[in-house]
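Encoded as structure tokens, the structure appears first; notes follow it.
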Amino acid sequence: MTQTPHHTDVREFHPRARAAIADPKIRKNFRKAMDGLITKRKDAFEGWDLEALRDLGANIRLRALANLPDLLEQLEKKLSENGVKVHWAIDGDEACRIIRDICVARNAKTVIKGKSMVTEEMELNHYLDDHDIEALESDLGEYIVQLAGETPSHIIMPAIHKNTGEISELMHEKTGTDLSSDVEYLTASARHQLREKFMNADVGVSGVNFAVAETGTLCLVENEGNGRMTTTVPQCHIAVTGIEKVVGKLEDVAPLLALLTRSATGQHITTYFNMISGPRKPEELDGPEEVHLVLVDNGRSSIYQDDELLDTLRCIRCGACMNHCPVYTRVGGHTYGTTYPGPIGKILMPHLIGLDEGRHLPTASSLCGACGEVCPVKIPIPDLLVRLRQESVDGDKLNPAKVRGHGAKRGTLEAMVWKGWSWMHARPGVYRLGTKVASRLRRLQPGNLGGWTRYRTAPKLAARTLHERMKERSQ
Amino acid sequence: MNSRDIILQRLSERSGGKLHQPECDFSVLERPSSSVTERVEQFQKIIESVHGEVHRCTPESWIPQLSGILSSRGARNLLIPAAHQIGRALRDSGRDDLPELLIYDEPVTSWQAHLFNEVDASITSTRGGIAETGSLILWPTPDEPRLMSLVPPIHIAVLEASGLYTTFHEAMRVQNWKSGMPTNALLISGPSKTADIEQTLAYGVHGPKELIVLVIE
């Protein structure tokens, strides 16, 4: 099986963006998909008091975060009582090791996976592959992306960057299906290929949408049934989740589910809402004998320390911010080079990888505000983008920054220019003389001002300074 | 310190201090009261919009209707619950126009290949439904195991009209789910589907291709 590649270099955002913008196929595939999703989302909320529902969603998430350590302990206790084994991982590597150890203890050689973004984050498939355990994605989109040796380009629709023709060719080449543009035929072929795998897999690995502390319940949202297969057919099920996905009460999942599916794909609800509270009981005839939950931190407890950045942990992973982002729609998900692309990726990833690597992410935005307007849990994404932009050029000792790698975008020349600027502005005589000299020498002003003039005309200095003109007027 | 303690300590000793806990107002989920007929109509409309099929039946008519549905699809067999009244009624009906009736009475490992490859249809009960989203509530049991509603290409669910709630929130509150959850609880809202290939809808990708609901009024 094709292995999932390591993520591409995040720092190469600009060359990739230029290439994507120049590729009409990429632009067409994304444009078509995102336009449709925007309309579907709007229709799905018709008749709802959307603002009140968003407030409720945001408050449920904030309340859960306020109680996070207690809820995690309660979740662990409840799940343990239900017979689920709970593991904690400080980072992706530790989470990978925990999963491998469970596989080794069961002598497992094959893993079937349901969709899970946190396992993309920790590059689990790659890790298992390196340790002679085959990991196969079973969500159709993820399966296609894995066949292509790529990473998902959208968190809800992983293969959205490909059109039917490309997928047909890929499946033909990798699995021997006929070349056909009949989506039903391609889907049926994948069903056939994956059914064998479900039956024979030793372990099933899934993500988690919501983990309920009150009852010890893991909730999974999906349409295909692959999530149910993954968590039911193999004898061992390992669920993996970020520590922020916990909610306090069972009733909390009702409004969050309503927001999630409508925001993501414009569905009232997905085909399956799967709630798992334990392994099979002795009298039950199917379901896994063993259920594990791996709680992954991987930078989340650092984000948790900052009052403002903490808001990113509210995210319920619906992808609506991507669907509505003019930048994402034009460049596509792979351009970002990060596990989570689009607006949420731009505020989440700088924490996980540091601003030195992720320095371009907060600037890949027009700050139009669409992402903040559609976010079902009201994450102030534009405000956070501004905050991170500030941090990326931070050199201010009065307002020390918090994100790892802050100041990565601060250049020596730029820093000197601003230092000179503030020196001059604090001295009225120097300021008046300086602006007067500059206006007299305006013909010498260079036409090329770096990044500014790449897409704009350079501003021209006036013939006389404002001070001079005001003086004339008062005479 | 192990990872668990490190994580919990970092969260408990947050440098920003204690966080504010906002009030959560669930009233946005409340709906005006409606009659059973209105709920059935809403349920039918929504589930049909996602390719589900609804047949409105009476306690007397559902078996003949089921028989017609199965023969129109050429189903060779039907997986039924052994103990539930649905299964008993089918076995006791004495009809010769029903396909072969199968019972899921041993662990799946002993007959997995047969279940995956040879079973054409299954019928299960439900714990009610949700009108607003066109959803069925299933709590699999030893009598009706989890894979019954997932593996066969046709899943038929029996829903008592009186068991229809307006919202999910109402259903879990009235049935008091928080007092004890089963190992697996499900909402099923249509046949298995995907739009992963260029947003084109295709049904039956991993689970049933058809979801047929017999609403008993």
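From first to last, the protein sequence lines are chains A and B. All residue numbers for the first sequence refer to the numbering used here, where the first residue is 3 and numbers rise by one. All residue numbers for the second sequence refer to the numbering used here, where the first residue is 1025 and numbers rise by one. Backbone N, C-alpha and C define an ideal beta-carbon position, used for all residues, glycine too. Please read these numbers as outputs of a predicted model, since none were measured by experiment.
Can you tell me the Cα-Cα spacing of residue i and residue j, whole angstroms?
i	j	result
A21(A)	C373(A)	24 angstroms
D134(A)	H1193(B)	45 angstroms
K212(A)	I1031(B)	Checking the sequence shown, residue 212(A) turns out to be Phe, not Lys. Straight-line Cα distance between these residues: approximately 19 angstroms.
I162(A)	P1088(B)	45 angstroms
S424(A)	E216(A)	56 angstroms
Q5(A)	T1061(B)	Residue confidence is low: Q5(A) scores 41 on pLDDT, short of 50, so the model does not pin down where it sits. No coordinate-derived value is stated.
E359(A)	V12(A)	6 angstroms
L468(A)	P461(A)	16 angstroms
A1226(B)	N1026(B)	47 angstroms
L52(A)	A19(A)	34 angstroms
I1221(B)	K1069(B)	26 angstroms
C1048(B)	Q307(A)	23 angstroms
V439(A)	R471(A)	15 angstroms
P1177(B)	D1129(B)	20 angstroms
R1028(B)	W1135(B)	41 angstroms
P257(A)	E1072(B)	23 angstroms
V432(A)	L390(A)	34 angstroms
K1202(B)	V147(A)	39 angstroms
L58(A)	E186(A)	39 angstroms
D1167(B)	H1108(B)	7 angstroms
K34(A)	D132(A)	38 angstroms
M3(A)	F1067(B)	For M3(A), the predicted model reports a pLDDT of 39, less than 50, meaning its position is unreliable and no value from the coordinates is stated.
A464(A)	Q447(A)	11 angstroms
I305(A)	I349(A)	11 angstroms
Are the CB atoms of residue i and residue j nearer to each other than 8 angstroms?
i	j	result
D204(A)	R108(A)	yes
M36(A)	S140(A)	no
E292(A)	Q237(A)	yes
L1090(B)	I1104(B)	no
G335(A)	G344(A)	yes
D309(A)	G1076(B)	no
D93(A)	N300(A)	yes
I278(A)	T219(A)	yes
L259(A)	V223(A)	yes
A1137(B)	T1190(B)	no
S1173(B)	T1148(B)	yes
L415(A)	L387(A)	no
G1153(B)	L1188(B)	yes
G1228(B)	T273(A)	no
T1133(B)	G289(A)	no
Taking all protein chains shown into account, do 16 or more other C-beta atoms lie within 10 angstroms of the C-beta of residue i, making it buried, or fewer, making it exposed?
i	result
W1086(B)	buried
E14(A)	exposed
G1204(B)	exposed
E474(A)	exposed
V117(A)	Looking at the sequence shown, residue 117(A) is not Val but Lys. Buried is the call here.
K1042(B)	exposed
V249(A)	buried
V379(A)	buried
H1179(B)	buried
L1211(B)	buried
T1150(B)	buried
R1100(B)	exposed
Only counting the same chain, and skipping five residues up and downstream in sequence, which positions put a Cβ closer than 8 angstroms to that of residue i?
i	result
T41(A)	G268
L188(A)	T166, I169, S170, M173, T179 and S182
K199(A)	T112, I114, L138 and S140
K247(A)	V210, N211, F212 and A213
I23(A)	R29, R332 and V333
L73(A)	A66, A215, V248, V249 and G250
Which same chain residues, not among the five before or five after residue i, have their C-beta less than 7 angstroms away from its C-beta?
i	result
H8(A)	Confidence at H8(A) is low in this model, with a pLDDT of 49, below 50, so the placement of that residue should be treated as unreliable; the coordinate-derived value is given next. Closer than 7 angstroms at Cβ, skipping near neighbours: E125 and H128.
C323(A)	G344, P345, I346, C373, V376, C377 and I383
R2(A)	Residue numbering for chain A in the displayed model covers 3 to 477; residue 2(A) lies beyond these limits and cannot be assessed.
Grab me the residues of residue i's own chain with a C-beta within less than 6 angstroms of its C-beta, minus the 5 sequence neighbours each way, in chain order.
i	result
G347(A)	Y338 and T340
A46(A)	R264 and G268
H362(A)	F15
F32(A)	T331 and G334
M119(A)	I157
W1163(B)	R1151, P1206 and A1209
Which parts of the stretch 1136–1187 of chain B are runs of the alpha helix (DSSP H), unbroken and 4 residues or longer, counting only runs that do not cross its ends?
-> Qualifying alpha helix (DSSP H) stretches, in chain order: 1136–1142.
Write down every uninterrupted run of the alpha helix (DSSP H) in the stretch 120–149 of chain A whose length is 4 residues or greater and which is fully enclosed by it, in chain order.
-> The stretch 120–149 of chain A contains these whole alpha helix (DSSP H) runs: 126–132 and 142–149.
Enumerate, from N- to C-terminal direction, the unbroken alpha helix (DSSP H) stretches of 4 or more residues contained entirely within the stretch 151–236 of chain A.
-> Listed in chain order, the complete alpha helix (DSSP H) runs (minimum 4 residues) inside the stretch 151–236 of chain A are 166–177, 185–202 and 228–234.
Can you give, in chain order, each stretch of the alpha helix (DSSP H) that sits fully within the stretch 18–74 of chain A and has at least 4 residues?
-> Along the length of the stretch 18–74 of chain A, whole alpha helix (DSSP H) runs at least 4 residues long occupy 26–46 and 52–68, reported in chain order.
At 4 residues or longer, and completely inside the stretch 1083–1145 of chain B: list those alpha helix (DSSP H) runs for me, N to C.
-> Within the stretch 1083–1145 of chain B, the runs of alpha helix (DSSP H) at least 4 residues long that lie entirely inside it are, in chain order, 1086–1096, 1109–1116 and 1136–1142.
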